[in-house]
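Everything on this sheet refers to the single structure shown next.
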Amino acid sequence: MIIRRAKPEEAQAIIEFYHDLIDTMKDRAVRPAWEKNVYPMLSDIREAAENGWLYIAVQEDGEIAGAVVINDRQPQGYSDVHWTVRTDAVAVVHLLASKPRLHGQGIGRKLLEQAVKAALDMNADVIRLDTLPYNIPSRHLYESFGFRYCGDLDLFYPDVGTRPFSMYEYDLRNRRKIFVSACLAGEHCRWDGGTNLVPAIKELVDSGKAIAICPEELGGLPTPRSPSECIGNRVVSSEGTDVTAEFRCGAERALWVCNNEGCKLAVLKSKSPSCGKGVIHNGLFDGGLVPGNGVTAQLLMESGVAVMTEQEWQESQTVSSASYQQSP
Ligand code: SF4
1 MIIRRAKPEE AQAIIEFYHD LIDTMKDRAV RPAWEKNVYP MLSDIREAAE NGWLYIAVQE
61 DGEIAGAVVI NDRQPQGYSD VHWTVRTDAV AVVHLLASKP RLHGQGIGRK LLEQAVKAAL
121 DMNADVIRLD TLPYNIPSRH LYESFGFRYC GDLDLFYPDV GTRPFSMYEY DLRNRRKIFV
181 SACLAGEHCR WDGGTNLVPA IKELVDSGKA IAICPEELGG LPTPRSPSEC IGNRVVSSEG
241 TDVTAEFRCG AERALWVCNN EGCKLAVLKS KSPSCGKGVI HNGLFDGGLV PGNGVTAQLL
301 MESGVAVMTE QEWQESQTVS SASYQQSP
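Residue numbers for the sequence shown, in our numbering: 1 to 328.
Below, the structure is given as structure tokens:
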């Protein structure tokens, strides 16, 4: 089974999937509140597919086994909920469903995992959703996945009118990995084969909270290699070889990794022609520094990723730990 974005031309097959589900579940104690020709309508499905909000689980024989919509549209009434995270960066799950005869096979969980990936792509901080209070299987799925129950609230939907719904929220902020310079995590990728280990950064990587990348290696340069420094818009090795293309290639690949992992923060090695932020080596290979950013640091910042040097990050950790200890 694969999970993929639905195509607009599949809208008819997908609405039939929902209609089958409504028919099959109509006499069961736990059934969805959806109603044929009220919600979802073919136009709802088509709009979701056209906007890239709709994902479907498709079996080997082409049968649609499940579907979910994720977008940033919070239904009316969501503003009255006591959510656990205060943020405007919200993704909302709608119409999560799997084929009744395939219930218990983990399709709902896989669709939620896809929703998490999509929400990270949307730069959302949280995912929110609602379900009927008596829908215990769904509530169990959400709670075991890591959603927090945020109380019941009366909501209006055209298919069911006004009735209580149970509200759930999933905090994505811990799912968002930090991008770190690999040498700070203890990898021997520095130009001379050494590392710039910061144990706390290595711990982040070991615990799965950060991803370690060396842009220079990613750009195709070997380790060990000659040291390089920025001279204007070029990067040149101590032997005079122009390695600008490798540095740019490494930066673009690093940005791709950042986007793919949903990283909003990068902790990068200071002064490096790739990773340095604020000041970098001056191009004379004499240890001097000049204002500027490394090639990767510059590209990440231009692309909206917050960049900190390892010293800035360590100071920020000390400050948060001190304020935590002082709080009543
Ligand atoms: S490119 Fe960055 S990660 Fe790689 S060795 Fe240099 S400072 Fe470290």
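Yeah, the Cβ is synthetic: ideal placement off N, Cα and C, and Gly gets one too. Since we're looking at a predicted model, the values are computed, not measured.
Start-to-end residues for the alpha helix (DSSP H) that takes in residue i
i, result
"Leu111", "107-121"
"Pro291", "First-last for Pro291: 289-291, but that is the beta strand (DSSP E), not the alpha helix (DSSP H)."
"Phe17", "11-25"
"Arg139", "136-145"
"Ala48", "42-50"
"Met301", "295-302"
"Leu265", "No alpha helix (DSSP H) contains Leu265, which is instead part of the beta strand (DSSP E) from 265-268."
"Leu218", "215-218"
"Asp206", "199-206"
Residue i classed as buried or exposed, judged by whether at least 16 other C-beta atoms fall within 10 angstroms
i, result
"Ala29", "exposed"
"Glu246", "buried"
"Thr296", "buried"
"Gly250", "buried"
"Ile2", "exposed"
"Asp329", "Here the chain comprises residues numbered 1 to 328, so residue 329 is not present and cannot be evaluated."
"Lys269", "buried"
"Val38", "exposed"
"His140", "exposed"
"His103", "exposed"
"Lys26", "exposed"
"Asn260", "exposed"
"Gln76", "exposed"
"Arg163", "exposed"
"Asn71", "buried"
"Ile136", "exposed"
"Gln326", "Because Gln326 carries a pLDDT of 41, less than 50, the predicted location of this residue cannot be relied on, and the following value inherits that uncertainty. Exposed: under 16 other Cβ atoms inside 10 Å."
"His82", "exposed"
"Leu197", "exposed"
"Pro328", "Model confidence at Pro328 stands at a pLDDT of 39, short of 50, so the residue's coordinates are unreliable; what they give is reported in the following sentence. Per the 10 Å Cβ criterion, exposed."
Counterpart residues of residue i in DSSP-defined beta bridges
i, result
"Ala91", "Ile127"
"Val257", "Looking at the DSSP assignment, Val257 forms no beta bridge with any residue, so it has no partner."
"Met167", "Asp130"
"Asn71", "Val92"
"Thr162", "Phe156"
"Gly39", "Here the sequence assigns Tyr to residue 39, which means Gly is not the residue at that position. Answer is Glu35."
Residues near residue i in its chain [Cβ-Cβ closer than 7 Å; skip 5 each side]
i, result
"Glu47", "none"
"Arg73", "Val92"
"Ala115", "Val68, Ile70, Val93, Ile127"
Cβ shell of residue i (< 6 Å), same chain only, five flanking positions each side left out
i, result
"Leu265", "Ile178, Ala306"
"Val290", "Asn282"
"Ala331", "The requested residue 331 is not part of the displayed model; the chain covers only 1 to 328."
"Phe156", "Thr162"
Sequence-distant residues of the same chain with beta carbon closer than 8 Å to residue i, five excluded per side
i, result
"Pro227", "Trp191, Asp192, Ser237, Ser238, Phe285"
"Leu40", "Reading off the sequence, residue 40 comes out as Pro, not Leu. The answer, listed in chain order, is Ile15, Tyr18, Trp34, Leu95."
Residue range of the beta strand (DSSP E) that includes residue i
i, result
"Ala57", "54-58"
"Leu184", "It is not in any beta strand (DSSP E) - Leu184 carries neither H nor E in the DSSP assignment."
"Thr309", "306-309"
"Arg330", "Nothing about residue 330 can be read from this structure; the chain reaches only from 1 to 328."
| field | Nearest-residue set for ligand 1, Cβ under 6 Å from any heavy atom | value | Ser181, Ala182, Cys183, Cys189, Arg190, Cys214, Pro215, Glu216, Lys269, Ser272, Ser274, Cys275
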